[in-house]
C-alpha cells in the first residue's frame, strides 16, 4: 500500500512546492487534505505529525526516522530527499519529479512482468480449449461415418 501511494504523494508534494509552499507547509497541507483517507501512508503521516509537534522536532526528521525504521525503500528515498532539501523547495520539486518518474517506471515494469507471467500461465488452458473446440466440431462428422 505504501509503495502504491508514494508516487501519488510525491506528485502532490511537487505540485504544492511549485505553488510556493515550503517543505514543512507542503507536508502539513498534504496531511490535512488527506486526513480522512483510509490509506496507511496518510495515517502514518498524521501520527508522525502529531508526534513531531509534541516532541518539537521538524516533521522531515521524524519522517526520515520513521522511514528508516519501516525499511520501505521508496519511503526512505523520498524522506531522504525531503530531509536533504528541506530548506530549498524548488530544488526538492525537481528531485521529486525525477523520483516520481522512476517510481512510475518501476510500477510499469512490474505490471509488464506480471502480464508476461499471466500470458505464460494461460498458454496451457488455451491449448486445451482449442483441442476441445476441434473435438466438438469434428465429432458430428465422425459420427456420420
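Residue numbers (this note's numbering): 152 to 296. Every residue, glycine too, gets a C-beta built ideally from N, C-alpha and C.
- Spanning the alpha carbons of residue 247 and residue 255 requires a straight line of approximately 12 Å.
- Collapsing the DSSP output to three states places residue 222 in coil.
- Around the beta-carbon of residue 290, fewer than 16 other beta-carbon atoms lie within 10 Å, marking it exposed.
- A distance of 9 Å or more separates the beta carbons of residue 179 and residue 229.
- Straight-line spacing of the CA atoms in residue 207 and residue 164 works out to 22 Å.
- Its chain contains 199, 202 and 203 as the residues whose beta carbon lies nearer than 7 Å to that of residue 213, once the 5 sequence neighbours on both sides are disregarded; these appear in chain order.
- In the displayed model, residue 209 falls within coil according to three-state DSSP, outside both helix and strand.
- Taking residue 186 as the centre and dropping the five residues before and after it, the same chain places the C-beta of 193 and 197 closer than 8 Å to its C-beta, in chain order.
- Unbroken alpha helix (DSSP H) stretches of 4 residues or longer found wholly inside the segment 157-186: 174-184, given in chain order.
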